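*Asks:* Going by my numbering, the first residue of the sequence shown is number 656, and it counts up by one from there. Backbone N, C-alpha and C fix where the C-beta goes; we use that ideal spot for every residue, glycine too. Source: prediction; values computed, not measured. After the structure tokens below, expect a handful of questions from me.
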Amino acid sequence: MQYSLTLAATLLASACSVAASSARAESFRNGAIEIDTPWSRATPPTQTVGGGFMVITNHGSTTDTLLTGSTTLAAELQIHTVTMTDGVMRMRPLDGGLVIEPGQSVVLQPGGYHLMFIGLGKPLQPGDSFDAVLHFEHAGDIAVRFDVQPAGATSPPQRP
Ligand SMILES: [Cu+2]
């Protein structure tokens with residue numbers, strides 16, 4: 656029963672994303688986890704990695720964790736954190752995934768937590784959109800769509 660409910664929610668989320676594909680802001684939900692306005696940035700032709708940003712909210716009463724994900728756009732999807740060591744900003748994969756406490760939202764943004772698309776098949780262009788699936792420990796898979804903003808953008812597409 657739990658499984659079929661989860662499946663229905665996933666299908667519903669997919670249907671919503673198709674219906675809203677022309678909108679500039681979208682949210683995707685499965686169970687207690689909601690993902691608001693996934694976005695990315697255009698990449699120069701020589702760059703083979705890209706970043707993914709969003710706000711993840713846990714509406715439930717138990718902790719959930721973003722563990723892994725995948726996209727057809729890149730060979731690998733990693734969850735990164737940014738640390739400052741001796742004044743140098745470095746990013747590295749987040750061990751154990753990204754924890755979302757109950758009732759909390761975690762912002763993935765340039766300079767902070769982000770997804771890293773490694774091994775891009777082609778450069779990201781402004782106005783493009785692409786699909787990905789994010790896997791949470793409890794909420795399971797959530798299918799999302801990223802909208803590509805211009806290079807150097809610091810915020811997601813604005814709501815109408
Ligand atoms: Cu990174």
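(1) Use the C-beta contact count for Glu681: other C-beta atoms within 10 angstroms, 16 or more gives buried, fewer gives exposed.
(2) Hey, does Pro812 have any beta-carbon neighbour from chain B nearer than 9 Å?
(3) Taking contact to mean 3 or more Cβ pairs, one atom from each stretch, closer than 8 Å, check whether the stretch 743-751 and the stretch 698-705 are in contact.
(4) Assess contact between the stretch 682-701 and the stretch 768-783, defined as three or more Cβ pairs (one per stretch) separated by less than 8 Å. Is contact present?
(5) Return the CA-CA distance between Ala675 and Asp741, expressed in angstroms with no decimal places.
(6) Just curious, the beta strand (DSSP E) that Asp741 is in, first and last residue?
*Replies:* Per the coordinate set shown:
(1) Within a 10 Å sphere around the beta-carbon of Glu681 sit 16 or more other beta-carbons, which makes this residue buried.
(2) In the displayed structure, chain B is absent; only one protein chain is listed.
(3) No, they do not touch.
(4) Judged by Cβ distances under 8 Å, the stretch 682-701 makes contact with the stretch 768-783, as three or more pairs qualify.
(5) Because Ala675 sits at a pLDDT of 40, beneath the cut-off of 50, its placement in the model cannot be relied upon, and the following sentence gives the value as read from the coordinates. So the two alpha carbons sit approximately 45 Å from each other.
(6) For Asp741, there is no enclosing beta strand (DSSP E), as DSSP marks it with neither H nor E.
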